[in-house]
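K.L.:
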Amino acid sequence: MQTQIHKSLQKHPAIAQADEILRSCVHCGFCNATCPTYQLLGDELDGPRGRTYLIKQIIETGSCTEKTREHLDRCLSCRSCETTCPSGVQYSRLLSVGRELAEKNSPRKIFDTLLRRALRLVIPYRQRISVIVTIAQKLKPILPAAIQRQLPTQTPAGLTLTRHQRLVILPNGCAQDAFAADINSDCRNILDKLGITAVSIDSDSCCGAMSEHMSQSAEAEMFMKKNIDAWWPSIESGAEAIVSTASACGLMIKDYGHLLAHDADYADKATRVSELCVDISELLSNEDCSIFENTQSQRISFHAPCTLQHGQRITGKVESLLNQIGYELIDYNDAHLCCGSAGAYSILQKNISTQLLNNKIENLLQAQPDIIATANIGCLLHMRSGTDTPVKHWLQLISPAKD
Ligand code: SF4
Ligand code: SF4
Numbered sequence: 089m090q091t092q093i094h095k096s097l098q099k100h101p102a103i104a105q106a107d108e109i110l111r112s113c114v115h116c117g118f119c120n121a122t123c124p125t126y127q128l129l130g131d132e133l134d135g136p137r138g139r140t141y142l143i144k145q146i147i148e149t150g151s152c153t154e155k156t157r158e159h160l161d162r163c164l165s166c167r168s169c170e171t172t173c174p175s176g177v178q179y180s181r182l183l184s185v186g187r188e189l190a191e192k193n194s195p196r197k198i199f200d201t202l203l204r205r206a207l208r209l210v211i212p213y214r215q216r217i218s219v220i221v222t223i224a225q226k227l228k229p230i231l232p233a234a235i236q237r238q239l240p241t242q243t244p245a246g247l248t249l250t251r252h253q254r255l256v257i258l259p260n261g262c263a264q265d266a267f268a269a270d271i272n273s274d275c276r277n278i279l280d281k282l283g284i285t286a287v288s289i290d291s292d293s294c295c296g297a298m299s300e301h302m303s304q305s306a307e308a309e310m311f312m313k314k315n316i317d318a319w320w321p322s323i324e325s326g327a328e329a330i331v332s333t334a335s336a337c338g339l340m341i342k343d344y345g346h347l348l349a350h351d352a353d354y355a356d357k358a359t360r361v362s363e364l365c366v367d368i369s370e371l372l373s374n375e376d377c378s379i380f381e382n383t384q385s386q387r388i389s390f391h392a393p394c395t396l397q398h399g400q401r402i403t404g405k406v407e408s409l410l411n412q413i414g415y416e417l418i419d420y421n422d423a424h425l426c427c428g429s430a431g432a433y434s435i436l437q438k439n440i441s442t443q444l445l446n447n448k449i450e451n452l453l454q455a456q457p458d459i460i461a462t463a464n465i466g467c468l469l470h471m472r473s474g475t476d477t478p479v480k481h482w483l484q485l486i487s488p489a490k491d
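Taking my numbering, I'd label the letters of the sequence shown as residues 89 to 491.
(1) Where does Cys365 sit, in a helix, a strand or coil, going by DSSP?
(2) For Pro101, which residues from the same chain have a beta carbon less than 8 Å from its beta carbon, with the 5 sequence-adjacent residues on both sides left out?
(3) How many Å lie between His159 and Asp274 at the Cα?
(4) May I have the straight-line CA-CA distance separating Ser218 from Asp265, to the nearest angstrom?
(5) Hey, how far is the Cα of Val210 from the Cα of Ala263?
(6) Alpha carbon to alpha carbon, what distance is there between Lys342 and Gly404?
(7) Take the Cβ of Asp367 as the centre, count every other Cβ of all protein chains shown within 10 Å, and call the residue buried at 16 or more, exposed below.
(8) Between which residues of its own chain and Arg251 is the CB-CB distance below 6 Å, once the five residues before and five after are set aside?
(9) What does DSSP give as the partner residue(s) for Lys501 in the beta ladder?
(10) With DSSP run on the structure shown, which of helix, strand or coil describes Asp491?
(11) Measuring straight from C-alpha to C-alpha, what distance separates Asn277 and Ser487?
(12) What's the call for Val114, buried or exposed, on a 16-neighbour Cβ count within 10 Å?
(13) Identify which residue in Ile460, Leu436, Gln384 has its Cα closest to the Cα of Asp419.
(14) Measuring alpha carbon to alpha carbon, tell me which of Gly283, Lys99, Leu417, Asp476 ends up nearest Ala234.
(15) Measuring CB atoms only, is the region 127–147 touching the region 428–438, in the sense that at least three cross pairs come out at less than 8 Å?
(16) Which residue wins for smallest C-alpha separation from Ile289, given the options Phe390, Ala318, Glu307?
(17) Since Ile278 is in the alpha helix (DSSP H), which residue starts that stretch and which ends it?
(18) Give a yes or no on whether the C-beta atoms belonging to Ser184 and Arg167 are separated by under 9 Å.
(19) If you drop the 5 nearest sequence neighbours on each side, which residues of the same chain put their C-beta closer than 6 Å to that of Ile449?
(20) Are the CB atoms of Ser408 and Ser373 within a distance shorter than 9 Å?
(21) Give every residue of the same chain whose Cβ lies closer than 7 Å to the Cβ of Cys337, excluding the five residues on either side of it in the sequence, and list them in chain order.
(22) Please determine whether the Cβ atom of Ser168 lies at a distance below 8 Å from any heavy atom of ligand 1.
(23) For ligand 3, is there any heavy atom lying closer than 8 Å to the beta carbon of Tyr141?
(24) Regarding Leu182 and ligand 2, is the C-beta to nearest heavy atom distance less than 8 Å?
(25) Do you know whose CA, among Cys116, Thr122, Gln236, lies nearest Asp422's CA?
(26) Where Gly138 and Lys144 are concerned, what is the direct C-alpha to C-alpha distance, given to the nearest angstrom?
(27) Please go through the same chain and pick out, in chain order, the residues whose beta-carbon is closer than 8 Å to the beta-carbon of Arg208, but skip the five residues on each side of it.
(28) Determine the contact status of Thr149 and Ser194, defining contact as a CB-CB distance below 9 Å.
(29) Can you give me the start and stop residues for the alpha helix (DSSP H) that Ile257 sits inside?
(30) Beta strand (DSSP E) containing Val287: first to last residue?
(31) Pick out whichever of Asp280, Pro174, Lys95, Thr153 has its Cα sitting closest to the Cα of Asn120.
(32) Taking Cβ to Cβ, would you say Arg387 is nearer than 9 Å to Glu363?
(33) Please report how far the alpha carbon of Ser112 lies from the alpha carbon of Phe118, in whole angstroms.
(34) DSSP state of Ser325, grouped into three classes?
(35) For Ile220, which residues in the same chain have their Cβ closer than 7 Å to its Cβ, ignoring the five residues on either side in sequence?
(36) Hey, how far is the Cα of Gln90 from the Cα of Ile465?
Right, dumping it as structure tokens:
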């Protein structure tokens with residue numbers, strides 16, 4: 089694809105890479121077949137090939153219409169198209185440039201602007217979101233059932249853990265800490281049984297993904313640098329990994345090296361942080377997990393979040409760990425499709441998100457599992473809103489008794 093870059097953008101730092109990505113697309117359209125929004129809406133411009141053309145147009149004209157921005161807004165950033173693309177088009181990198189330009193050139197209506205700002209002012213801050221969760225718990229009886237199911241039911245039990253020689257960093261995260269602190273607590277317990285100490289640093293923060301997805305790159309950088317500063321002393325003390333229990337955060341941390349490559353003070357540290365980051369399934373796959381064997385023979389439908397299967401390209405690890413310790417994993421239709429959570433998407437694009445959720449839940453429940461499992465807090469909460477069947481983080485299925 090030939091691109092004539094608009095003169096106003098020729099000095100833009102990411103344009104050369106965007107141009108290269110555009111050139112790698114051969115317009116075959118294979119990606120449309122696995123794009124959730126194309127499947128639902130049937131509009132070429134709501135599929136990856138069409139969006140690629142729209143971004144090309146923005147780069148060539150230096151301008152963006154409201155309609156174009158809306159087509160980009162409707163993208164879930166699920167990266168299913170990247171998994172499908174035979175030419176290796178790095179669609180998500182292109183989308184990030186396209187969205188940044190769309191944001192600058194097509195002002196949003198006031199309500200949309202305020203809603204986005206409010207989300208960015210609350211969700212990434214664990215103290216603020218905890219206050220909201222606490223208030224919601226007090227109002228629980230009068231809240232809709234979908235919200236009630238999202239609220240925490242238990243506070244994590246206090247654990248007595250041994251200090252081991254092997255050390256990993258376990259990021260606190262933001263929303264997960266407020267809604268499901270038991271996930272990290274179970275993770276600490278599992279790692280302890282394997283002879284690994286998981287340390288969490290109080291001064292770390294949101295990974296920055298929400299700001300990055302809303303094209304607020306300065307804000308995302310602030311979060312990334314805060315985390316690097318918080319984790320660096322433990323890295324220097326020999327932490328062997330940064331372990332993520334939320335696949336969306338893991339994907340973001342694995343991208344720190346790329347996102348801070350331009351920053352002379354942080355580029356090297358960011359690269360190191362990205363290299364050290366692993367999803368908890370990657371770490372456990374290399375350990376002897378036979379000690380977690382269970383005898384309950386429950387049937388599990390596992391939803392692999394897009395950030396795990398398409399973003400990090402981790403497939404089969406969780407499933408084989410769960411199989412190995414005695415669970416029966418159920419196959420279901422359209423396992424590659426997004427559940428509609430996608431960060432703030434479930435709030436910003438409610439109609440599409442709800443349709444995707446309904447389809448996902450219908451597929452997951454078809455073979456009547458005992459439990460739905462997943463690997464990311466956003467997907468977990470979103471799916472809980474759509475079913476009475478228990479939805480858990482898969483780690484919670486292998487967590488040993490807390491002694
Ligand atoms: S599958 Fe890849 S090469 Fe084909 S249209 Fe989609 S992005 Fe372009
Ligand atoms: S990221 Fe997902 S929603 Fe966006 S174009 Fe690709 S497949 Fe479609």
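C-beta: ideal position from N, C-alpha, C; glycine also.
P.N.:
For this structure:
(1) strand
(2) His350
(3) 40 Å
(4) 8 Å
(5) 9 Å
(6) 19 Å
(7) buried
(8) Thr285
(9) Because the chain spans 89 through 491 in this model, residue 501 falls outside it and cannot be assessed.
(10) For Asp491, the pLDDT reaches just 46, beneath the cut-off of 50, and the residue's location in the model is therefore unreliable, although a value from the coordinates is still provided. Correct three-state label for Asp491: coil.
(11) 7 Å
(12) exposed
(13) Ile460
(14) Asp476
(15) no
(16) Ala318
(17) 269–281
(18) no
(19) Gly474, Thr475
(20) yes
(21) Pro259, Gly261, Cys295, Ala297
(22) no
(23) Absence of ligand 3 is noted for the structure shown, with ligand 1 and ligand 2 being the only ligands found.
(24) no
(25) Thr122
(26) 10 Å
(27) Met298, Ser299, Met302, Gln304, Glu307
(28) no
(29) Element bounds for Ile257: not the alpha helix (DSSP H) but the beta strand (DSSP E), 254–257.
(30) 284–287
(31) Pro174
(32) no
(33) 14 Å
(34) coil
(35) Val210
(36) 41 Å
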